[in-house]
Amino acid sequence: MKRKISILGSTGSIGRQALEVIDKLQDKFEIIALTAGSNTDLLNEQIKKFKPKYACASDTTKIEGAKHLSLEEICSNKENDIILVAVSGKIGLRPTITAINNGIDIALANKETLVMAGDIVMPLAKEKGVNIIPVDSEHCAIHQCIKDISQVDSLIITASGGPFLHKTVDDMKNATVEQALAHPRWNMGKKITVDSATLMNKGLEVIEAHHLFNMDYDRINVVVHPQSIVHSAIEYVDGSVIAQLGLPSMHIPIQYAITYPERFEGIKSKSFSFAEIARLDFEEPNWDKFKALNLAYDAGRLGGSATVCLNAANEEAVFEFLEGKIKLFDIIHAVEEMMQNHNIIKKPSVDEIFDIDSEIRIKTKEWLKCSMV
Ligand code: NDP
Ligand code: MG
Numbered sequence: 006m007k008r009k010i011s012i013l014g015s016t017g018s019i020g021r022q023a024l025e026v027i028d029k030l031q032d033k034f035e036i037i038a039l040t041a042g043s044n045t046d047l048l049n050e051q052i053k054k055f056k057p058k059y060a061c062a063s064d065t066t067k068i069e070g071a072k073h074l075s076l077e078e079i080c081s082n083k084e085n086d087i088i089l090v091a092v093s094g095k096i097g098l099r100p101t102i103t104a105i106n107n108g109i110d111i112a113l114a115n116k117e118t119l120v121m122a123g124d125i126v127m128p129l130a131k132e133k134g135v136n137i138i139p140v141d142s143e144h145c146a147i148h149q150c151i152k153d154i155s156q157v158d159s160l161i162i163t164a165s166g167g168p169f170l171h172k173t174v175d176d177m178k179n180a181t182v183e184q185a186l187a188h189p190r191w192n193m194g195k196k197i198t199v200d201s202a203t204l205m206n207k208g209l210e211v212i213e214a215h216h217l218f219n220m221d222y223d224r225i226n227v228v229v230h231p232q233s234i235v236h237s238a239i240e241y242v243d244g245s246v247i248a249q250l251g252l253p254s255m256h257i258p259i260q261y262a263i264t265y266p267e268r269f270e271g272i273k274s275k276s277f278s279f280a281e282i283a284r285l286d287f288e289e290p291n292w293d294k295f296k297a298l299n300l301a302y303d304a305g306r307l308g309g310s311a312t313v314c315l316n317a318a319n320e321e322a323v324f325e326f327l328e329g330k331i332k333l334f335d336i337i338h339a340v341e342e343m344m345q346n347h348n349i350i351k352k353p354s355v356d357e358i359f360d361i362d363s364e365i366r367i368k369t370k371e372w373l374k375c376s377m378v
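Here is the structure:
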């Protein structure tokens with residue numbers, strides 16, 4: 006029987022690669038819905054090729070060949086066996102909660118969902134018996150390594166180190182947008198690529214891992230591994246370490262997440278060869294240079310709305326950086342400033358999360374404007 010799937014964010018980096026996987030596994034999937042933001046030209050091409058019943062885009066009048074439904078309506082449609090949440094930003098949160106409430110499994114790429122509301126989303130998924138299968142390569146790796154979580158001592162999350170791994174602090178201070186976007190290993194959306202340059206992405210992943218695997222922050226470690234072959238690992242209580250390896254391609258974790266628990270050859274292009282890879286390097290992250298990582302651990306440990314604050318301040322500042330208005334390190338300064346002045350709400354509701362998110366974004370913009378004069 007074909008698995009019925011919808012993709013939220015089919016025009017993005019993850020969404021497009023998911024469609025490449027599905028194209029190779031056409032006999033395994035039926036697409037219920039595809040959604041875009043503003044790229045309706047690409048969405049319409051995808052509709053022509055994959056023939057979903059429903060579609061969603063910012064400008065609904067431009068959708069051709071599929072019936073328009075909102076993200077909420079798509080996620081309430083119980084025809085779906087699984088929904089791939091591959092939109093970027095906070096827009097992913099409410100539809101994910103709706104899908105969980107409707108008992109639909111989630112392949113989760115969208116980081117903000119867990120960073121903003123992991124304490125709401127994970128218990129809800131448990132209550133509804135819904136699987137959340139991570140798409141992010143590190144979490145997908147850990148998901149593949151874990152047999153029995155109660156026997157796991159710690160998680161080891163690998164980080165490529167991004168384009169500034171061996172550059173000086175001064176190089177980073179003066180980094181151009183182009184340099185920050187030149188990721189050595191992964192080709193991703195712009196926001197996450199800048200986060201990979203500051204290591205905020207790794208910080209967000211630590212928070213995701215805390216929620217997905219219910220693991221204390223003290224038991225989540227980050228190690229820099231420039232080749233991006235070991236996608237992450239776990240250490241069991243008896244000292245055994247299990248890692249997941251593979252060539253650095255997002256097709257693999259995307260395919261794992263949408264076909265779980267089955268595996269197929271799918272889009273695999275090449276066999277893995279240890280001899281060809283020859284060496285794997287590991288090093289401690291430079292905590293002084295990559296302060297974002299510390300900030301994320303701090304926010305995670307503080308809990309409650311602290312991670313909402315971290316995420317909102319970071320995202321707004323990254324947008325300003327991408328527009329050339331601020332320097333790379335101003336992103337970190339803005340996050341630091343917002344975190345210092347944030348009054349944490351311990352158990353925010355979804356509405357409160359969105360209120361805090363909006364408030365922090367406004368404050369971040371104002372602060373950046375004032376501090377740039
Ligand atoms: P992209 O920016 O490439 O794509 C984002 C997608 O979301 C696009 O389809 C975009 O539509 C859609 N979108 C954006 N804003 C809205 C909105 N307001 N309403 C509706 N749709 C919207 O991002 P990525 O694919 O890189 O990342 C997606 C998510 O997955 C992020 O949360 C990211 O952190 C996470 N992730 C990504 C990885 C990667 O390798 N790229 C790896 C691990 C996690 P349109 O383009 O049509 O405007
Ligand atoms: Mg990742």
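Going by this note's numbering, the sequence shown opens with residue 6, and the numbers climb by one from there.
No residue lacks a Cβ here, since even glycine has one placed at the ideal position from N, Cα and C.
So, at 7 Å on beta carbons, what are the nonlocal neighbours of residue i in its own chain, with the 5 sequence-adjacent residues on each side left out?
{"i": "E321", "result": "R366, T369, K370"}
{"i": "L373", "result": "A322, E325, I331, D335, A339"}
{"i": "I257", "result": "G251"}
{"i": "Q260", "result": "V26, G271, I272"}
{"i": "G194", "result": "G17, S18, S93"}
{"i": "D53", "result": "A quick correction: the sequence has Lys, not Asp, at residue 53. Within the same chain, K53 has close Cβ partners G70."}
{"i": "N206", "result": "I197, D200"}
Taking 7 Å as the line, does the beta carbon of residue i fall inside it for any heavy atom of the ligand MG?
{"i": "D200", "result": "no"}
{"i": "E117", "result": "no"}
{"i": "S165", "result": "no"}
{"i": "S93", "result": "no"}
{"i": "E143", "result": "yes"}
{"i": "E77", "result": "no"}
{"i": "E364", "result": "no"}
{"i": "E210", "result": "yes"}
Got a sec? Which residues, its chain only, sit under 6 Å from residue i by beta carbon, not counting five neighbours each side?
{"i": "G208", "result": "A297, L298, A301"}
{"i": "L186", "result": "T198"}
{"i": "E288", "result": "V229"}
{"i": "P353", "result": "S310"}
{"i": "K9", "result": "E35, I37, E84, N85, D86"}
{"i": "S201", "result": "G167, H188"}
{"i": "A23", "result": "I12, L89, I259"}
{"i": "Q249", "result": "A146, Q149, C150, H236"}
{"i": "A318", "result": "A339, V340, M343, I365, T369"}
I want to check one thing, is the minimum distance from the CB of residue i to the heavy atoms of the ligand NDP below 7 Å?
{"i": "M121", "result": "no"}
{"i": "A41", "result": "yes"}
{"i": "I19", "result": "yes"}
{"i": "G14", "result": "yes"}
{"i": "S63", "result": "yes"}
{"i": "V140", "result": "yes"}
{"i": "G244", "result": "no"}
{"i": "N44", "result": "yes"}
{"i": "A384", "result": "Examination of residue 384 is not possible in this model, given that the chain is present from 6 through 378 alone."}
{"i": "G194", "result": "yes"}
{"i": "M255", "result": "yes"}
{"i": "I197", "result": "yes"}
Keeping to the same chain, check which residues put their C-beta closer than 8 Å to that of residue i; ignore five residues upstream and five downstream.
{"i": "L285", "result": "H230, Q232, I234, V235"}
{"i": "G329", "result": "V182"}
{"i": "N192", "result": "S18"}
{"i": "D32", "result": "K7"}
{"i": "N2", "result": "In the structure displayed, the chain extends from 6 to 378; residue 2 sits before or after that span and is not available."}
{"i": "Y241", "result": "Q156, V157, D158, I247"}
{"i": "H215", "result": "G123, D221, Y222, I225, G305"}
With which residues is residue i paired in a DSSP beta bridge?
{"i": "K9", "result": "E35"}
{"i": "N226", "result": "I161"}
{"i": "A238", "result": "I161, A248"}
{"i": "C61", "result": "T40"}
{"i": "L89", "result": "I12, A112"}
{"i": "H73", "result": "A60"}
{"i": "I137", "result": "I111"}
{"i": "E288", "result": "V229"}
Decide yes or no for the touch test of the stretch 336 to 350 against the stretch 132 to 152: beta carbon pairs closer than 8 Å, at least 3 of them. no
Where in the stretch 98 to 134 do unbroken runs of the alpha helix (DSSP H), each at least 4 residues long, occur, reported from the N-terminal end onward? 98 to 106, 116 to 133
The stretch 35 to 46 touching the stretch 60 to 75, judged by at least three CB pairs closer than 8 Å: yes
Is it the case that the stretch 119 to 131 contacts the stretch 157 to 172, given that we only count it when at least three CB pairs across the two stretches are under 8 Å? no
Any 3 or more C-beta pairs closer than 8 Å across the stretch 76 to 83 and the stretch 130 to 148: no
If we require 4 or more residues per run, which alpha helix (DSSP H) segments fall completely within the stretch 298 to 341? 311 to 327
Counting Cβ pairs closer than 8 Å, one from the stretch 89 to 105 and one from the stretch 353 to 362, do we hit at least three? yes
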